[in-house]
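All the letters of the sequence shown, read from the start, carry residue numbers 75 to 432 under our numbering.
Beta carbons are placed, not taken as given, at the ideal position from N, Cα and C, and that holds for glycine.
Computed from a prediction, not measured in an experiment: that's the story for all the values here.
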Amino acid sequence: MKNNRQKEPADFTPDVLGELPMTIAKYALWGGVAVLALSLLAIIFLMNVAAGDAAKAAQVATNMGMFEKGIILGPILIALGSAWLFWEEEMMVGINVIIALLVFFAPVWLPLILQNAQPETSNPGVTKGYEILAVGGQIYVGFAIAILVGDIVTRVRKRMVYGTKAALLKYGTNIKEESDRKNVFMGKCWQLPFCRKFVREKCPIYHAQRTCWRELVGCMCEEAVISAAMSDKPVSKEALLNGSAIPRNNKLTDGQKRQRCHNCVIYNEHQKHKYKLAMPLSMIFYGIVFLLFRESLGGWVSGMMTGASKKVNQITVGTVKEIGAGEYFNQFLTVAIILVAFAYTVKLIEHAIFKLKI
Ligand code: SF4
Ligand code: SF4
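Pasting the structure below:
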């Protein structure tokens, strides 16, 4: 049927604010990729020239300065553009971290390509190149970690608010939170917001002060609980108090009943509380790990770097010289490792609580 609706003036108005940031982000991302790639290529080329002709090294070192801005600006544009375009995409966080680490570890892999441009040299063109790459790498790793932390914060915040949204949809949108219930942290089923007043008043689980997911029977899964709530049949106070009025279902196994709980809005609210508890605990855990083991972790990182450098030296039969990582570098890498470990712990906790429903 033809739609005769007159167009409103608003229909002709483009969503300028909605499109503009997207367009800027696209240009920033691809512009950043181009700037970083060209600057990297130019620096590597100039380092090779300086290493091959010592007479040109000083001039090359001066010329290299113009690409320093590109090595700094490129990663910033990539990080900001990709974060805007692909926020909450796991791939985006991973790709940024990988490219940042590649730039950061240029002194490790670059000597394999430029065998005459070792990090430990007095050639000013070569040292200037490594200096520029180190600055760019550190800035990029900083931005990549900021994106990683922002991603964790967003995920945790969403999980804290919505928990398992699928469970709500399964039971329909008419499952509403009851206003008369307080949402008691890690509370029993009748202390959570989905306990309906008219059922609760006659619910044996409530009167026995038990928890439905422990009894494997409740108002969302057993008809007997609802029919008891609807009927006027009196139940003895003693039976309610000692729990013998709680209906039992012998047709299903305990495993099947647990499965029902996994898809239930009440149980999933409880899972949300577990998540809210697990998050600060894991933060405290990693905080303590950092405070107590900062020194030994730094030593381990330093040992790992020296070991890797030795290996490269052995494989290349001494062509690539061993490099020693500085104190600042080790500290920086230690923090980065702890943050990445924390990010993956968050994913593990999410999987355990919202997928496996532990
Ligand atoms: S089983 Fe349902 S009605 Fe009974 S106390 Fe628990 S949440 Fe409330
Ligand atoms: S399915 Fe829901 S209502 Fe039934 S026992 Fe499990 S959590 Fe309670």
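Cβ-heavy atom distance, residue i to ligand 1, below 7 Å
| i | result |
| --- | --- |
| residue 280 | yes |
| residue 274 | yes |
| residue 209 | no |
| residue 335 | no |
| residue 299 | yes |
| residue 161 | no |
| residue 183 | no |
Cβ neighbours of residue i in the same chain (closer than 8 Å, five flanking residues each side left out)
| i | result |
| --- | --- |
| residue 117 | 138, 141, 145, 203, 206 and 207 |
| residue 296 | 321 and 323 |
| residue 316 | 282 |
| residue 122 | 188, 190 and 191 |
beta-carbon residue i near ligand 2 non-hydrogen atom, thresh 7 Å
| i | result |
| --- | --- |
| residue 290 | yes |
| residue 221 | no |
| residue 269 | no |
| residue 338 | yes |
| residue 260 | no |
| residue 277 | no |
| residue 287 | yes |
Same chain, Cβ closer than 6 Å to residue i, neighbours up to 5 away in sequence not counted
| i | result |
| --- | --- |
| residue 245 | With a pLDDT of only 46 at residue 245, under the threshold of 50, the placement of this residue in the model should not be trusted, and no figure is reported. |
| residue 407 | 375 |
| residue 416 | 360 |
| residue 157 | 221 |
| residue 419 | 356 |
Contact set for residue i: own chain, Cβ-Cβ below 7 Å, skip 5 residues either direction
| i | result |
| --- | --- |
| residue 274 | 264 and 280 |
| residue 257 | 266 and 267 |
| residue 300 | 273 and 293 |
| residue 431 | 336 and 345 |
| residue 413 | 219, 222 and 223 |
| residue 372 | 404, 405 and 408 |
| residue 147 | 109 |
DSSP state of residue i mapped onto helix, strand, coil
| i | result |
| --- | --- |
| residue 197 | coil |
| residue 142 | helix |
| residue 328 | helix |
| residue 419 | helix |
| residue 103 | helix |
| residue 268 | coil |
| residue 135 | helix |
| residue 286 | helix |
| residue 292 | coil |
Contact between the segment 212-229 and the segment 155-169 (3+ Cβ pairs under 8 Å): A contact exists between the segment 212-229 and the segment 155-169.
Contact between the segment 195-202 and the segment 228-237 (3+ Cβ pairs under 8 Å): The segment 195-202 makes no contact with the segment 228-237, as fewer than three CB pairs between them are under 8 Å.
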